[in-house]
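Taking it in order: structure first as structure tokens, then the write-up.
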Ligand code: PRX
């Protein structure tokens, strides 16, 4: 079936920075002479000391090294705050919308600057200095952005852990980053429910050890235990420091932040991003992908615990002097109209969310959308997972009333910013396609042997050369960086995604080709869920796969073999789900647990996940070759049990 194509709307063709010809021309320039292109683009930020070298990168697996603008110096907080003060000090930088529709706040650039300086001085007073890792475990309150920028100001490296992660997950990240400082809140508030962040942080600190300082922001005012000598309330500490805090001079390649993300094996990796290239890349993408103009009200609904929040709530927008909206709540609280009510209340022009939210709201019907105006909306965005054409069409027709283009932006924690995306004034849209590469990005689709394919084709998605926003290493483990991204297809960055390119050169992401699942736009390694399950005393073995889920995109399907003598039961099923929530966090809760007397293994003992995936997908007729299994009858048992459990 030929997909429907949506032309650039007339008003966009006149308003946007770039039309198709301008995109083509600029793209060609970015590829043919990256040094000249990025040297020009780097002017969008202030430099303390100018760079003389632009690109110095190697994808050679024996020497992977990625450096951009390496001899220049700058500071991210200076670029996001100080340089705007003269021209837009009184402009709103952050609109904060609380979980409760009655709570909101507007913070100007001048106020944000003062608060960031104060927070930076609180950290400095506690001995935090350049290069130290600061763990941030906060809800979506302005202090999250303040804490990030405070770290950037003094050269500390932040490591944000999503507030939905368990104490164990938090402890693992504190330990890996060798972080001695945690910034948290008494409690978080989401969808009317409280999240005991300080209690979780205490448990994590005990487990990890080595935590010397805990700065606690008061969100709800709940009484929490404060450990003398270690813990301090932010508001109390802030009273004792000044709002004068000079920016640290940072090398372009000095680390800005670490963000943990799941891979196909082992524990989550600390993705490391550095200073100048990341900022240039998030700023340029925020400008062109969202066609951002002065005065626009821009809202990205992500959480700062994920990369989308880092790049497109905080760094990109603030580098561009934008007004960025930060939302503490969830799409369906108090009602399914919440997103659109917030759009009307703050007159949002650009709205950027995840397919899982769109699908959930689509299921709730058109009425909650249609009772709002949404006249301020001009552009819609999608990120985090493939968007199915039905959800795309609904978003376009019902939310955007056929007048707002949708930018389906493909990227990853590792890429720092958007790599494949439409530009709203330039790109014809096909529902479900992330369309074309951004400036400086050379996608390559390769076959199983690693040969690049031409024209219309399907295979694994690689990127042929570096762009400034790319991650630089895995914190503390450069070898793992090389192994994960540069060894499967030597000489190329391997994304872990499958992809199709159509006859128009449009890219269609087909999902992960590794053992990573994408649940409601959140990345999870199947190995992480498996190791949580086998840590339960009654579980002997577990294998986890993804399966198609109407709202979450993918759900978690766990095959569990019990210890000898244990009997399957509904109670045990519930106990195991609760166990995984406690071990990792609610996002990792299995949707289905199938008790399996044994798992399909090859003669060398490797679990054949391909078969487990097919069974989870209900594709019994299409199990493929099972002859290499040590015991093929295992599969019949699994299929019979699957059918019985429906
Ligand atoms: O599989 C791709 C999917 O999300 C993965 C990256 O996840 P994460 O690092 O958590 O970052 C999410 C936000 C950038 C990718 O490998 N993905 C992300 N965006 C899209 C997508 N899949 C299809 N279409 C997208 N627009």
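Residue numbers (UniProt numbering): 1 to 646. Note that the Cβ used here is the ideal one computed from N, Cα and C, for glycine as well. Values in this document were obtained by computation on a predicted structure and should not be read as measured data.
Would a C-beta distance cut-off of 8 Å place residue i and residue j closer than the cut-off?
i	j	result
residue 291	residue 16	yes
residue 382	residue 426	no
residue 561	residue 540	yes
residue 256	residue 152	yes
residue 336	residue 364	yes
residue 187	residue 213	no
residue 75	residue 248	yes
residue 466	residue 57	yes
residue 252	residue 484	no
residue 147	residue 128	no
residue 262	residue 585	no
residue 418	residue 443	no
residue 633	residue 611	no
residue 116	residue 177	no
residue 293	residue 316	no
residue 428	residue 7	yes
residue 518	residue 491	no
residue 258	residue 486	no
Measure from the alpha carbon of residue i to the alpha carbon of each residue in the options, then state which is nearest.
i	options	result
residue 70	491, 289, 472, 407	472
residue 409	393, 48, 517, 308	308
residue 143	289, 113, 438, 311	113
residue 469	173, 607, 412	412
residue 359	577, 520, 603	520
residue 154	244, 216, 370	244
residue 233	216, 83, 585	216
residue 313	282, 498, 128, 536	282
residue 617	591, 103, 418	591
residue 250	366, 79, 298	79
residue 270	172, 140, 300, 301	172
residue 378	106, 3, 9	9
residue 239	118, 622, 423	118
residue 649	346, 627, 338, 362	Examination of residue 649 is not possible in this model, given that the chain is present from 1 through 646 alone.
residue 430	455, 33, 391, 179	391
residue 423	40, 277, 284	284
residue 513	559, 87, 497	497
residue 440	384, 280, 574	280
In angstroms with no decimal places, state the Cα-to-Cα distance between residue i and residue j.
i	j	result
residue 26	residue 593	51 Å
residue 218	residue 224	10 Å
residue 481	residue 242	41 Å
residue 614	residue 534	23 Å
residue 494	residue 226	45 Å
residue 125	residue 184	17 Å
residue 545	residue 109	46 Å
residue 511	residue 288	25 Å
residue 582	residue 191	20 Å
residue 640	residue 516	27 Å
residue 416	residue 272	10 Å
residue 556	residue 85	48 Å
residue 50	residue 344	43 Å
residue 372	residue 340	6 Å
residue 2	residue 502	11 Å
residue 231	residue 333	33 Å
residue 102	residue 206	37 Å
residue 41	residue 22	16 Å
residue 620	residue 536	30 Å
Taking all protein chains shown into account, do 16 or more other C-beta atoms lie within 10 angstroms of the C-beta of residue i, making it buried, or fewer, making it exposed?
i	result
residue 167	buried
residue 448	exposed
residue 563	exposed
residue 349	buried
residue 92	buried
residue 24	exposed
residue 647	Only positions 1 to 646 of the chain appear in this structure, which leaves residue 647 out of reach.
residue 35	exposed
residue 62	exposed
residue 602	exposed
residue 597	exposed
residue 578	exposed
residue 523	buried
residue 277	buried
Check whether chain C comes within 8 Å of residue i, counting only Cβ atoms and requiring the distance to be less than that.
i	result
residue 564	Any reference to chain C falls outside this structure, which holds one protein chain only.
Three-pair Cβ contact test at 8 Å for the stretch 252 to 266 versus the stretch 447 to 462
no
Can we say the stretch 149 to 162 touches the stretch 130 to 138, given the rule of at least three CB pairs closer than 8 Å?
yes
Touching by the beta-carbon criterion (3+ pairs, under 8 Å), the stretch 28 to 40 and the stretch 2 to 16:
no
Please determine if the stretch 496 to 508 and the stretch 427 to 440 are in contact, where contact requires at least 3 C-beta pairs separated by less than 8 Å.
yes
Three CB pairs or more closer than 8 Å across the stretch 60 to 70 and the stretch 299 to 307:
no
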